[in-house]
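Each residue of the sequence shown is one higher than the last, beginning at 58 in the numbering used here.
C-beta atoms are modelled at their ideal positions from N, C-alpha and C, and glycine is treated no differently.
Just so you know, these numbers come straight off a predicted model, no measurement behind them.
As structure tokens, the structure follows; a few thoughts come after it.
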Amino acid sequence: MLILAIVAIILILVTGAVAAYVILARSDANADTAGPSTTTVTVAAGVTPGPATQEPAAPAVPASANPSFQTADGTVVCEAGTELAGQWGGIRDRPTAACLAIGYTGPAVQVAPCASNLPTRQGAAAITNGNVVRTLCTGGQPWRNYPSDNFPILAPGQVNRVGSITCTAIDVATVACSDDVAGTGFTLSESSLEVSAR
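Set out below in structure tokens:
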């Protein structure tokens, strides 16, 4: 019995070491592909600037086969990929990235109405073919990796990159996603949805 316990402990330690190695290897691979950062300093007339300080960037969340995440407070849920359900923005194309603020209270937009039995969710944004679309028609959660309560947390300042899509947690309740190729994107929280374009 003691031998079995020792073998089990050794297996747990080896598994943990392998998992740590894989995570570090992915982090190193992402660090190698990150571009240089730039800092712009604006100085008022007659003011002598002091030495510039730059806070270290938050670590990037490694891209994974499960690119689903939620904000730290759980109010915004996102997923990247082409398997999302529902009709985003009143069009049938599948988005490459999408986010939903379940308790959205911000301004609404007019879109084609959903089917009679489906609600229109205003706190939804997606990037489809490089364009940002708003709203979602679905009878449930649109995520392929359900339930979204179990999605990993994207902490403030952390970045998730999947293909040309980059999503950043602005704070505990806000996410900004963009298509780096198309130059389009959106910023979403429970109280606001802003769309940006080139």
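Select from 159, 221, 228 the residue whose C-alpha is nearest the C-alpha of residue 215. 228
Where residue 135 and residue 125 are concerned, what is the direct C-alpha to C-alpha distance, given to the nearest angstrom? 6 Å
CB-CB length for residue 222 against residue 169, believed under 8 Å: No, residue 222 and residue 169 are not in contact; Cβ-Cβ is about 25 Å, not under 8 Å.
Mark residue 283 as exposed unless 16 or more other C-beta atoms lie within 10 angstroms of its C-beta, in which case mark it buried. What is shown of the chain runs 58 to 255, which leaves residue 283 out entirely.
Taking the CB atoms as reference points, tell me whether residue 189 and residue 241 lie closer together than 8 Å. yes
Classify residue 181: buried if its beta carbon has 16 or more other beta carbons within 10 angstroms, exposed otherwise. buried
If residue 172 sits next to residue 156, beta carbons under 8 Å apart, how far is it from one beta carbon to the other, in whole angstroms? In fact, because the Cβ distance is near 22 Å, the residues do not count as touching under 8 Å.
Residue from 251, 235, 230 whose Cα sits closest to the Cα of residue 159: 230
Taking the beta carbon of residue 225 as the centre, do at least 16 other beta carbons fall within 10 Å, making it buried, or is it exposed? buried
Pairwise C-alpha distance: residue 186 and residue 238: 10 Å
Please state whether DSSP places residue 217 in a helix, a strand or coil. In the structure shown, the three-state DSSP call for residue 217 is strand.
Could you check the C-alpha separation between residue 153 and residue 248 for me, to the nearest Å? 23 Å
Would you call residue 149 buried or exposed, if buried means 16 or more other Cβ atoms sit within 10 Å of its Cβ? exposed
Under the three-state DSSP convention, the category residue 188 falls into: In this structure, residue 188 counts as strand in the three-state DSSP scheme.
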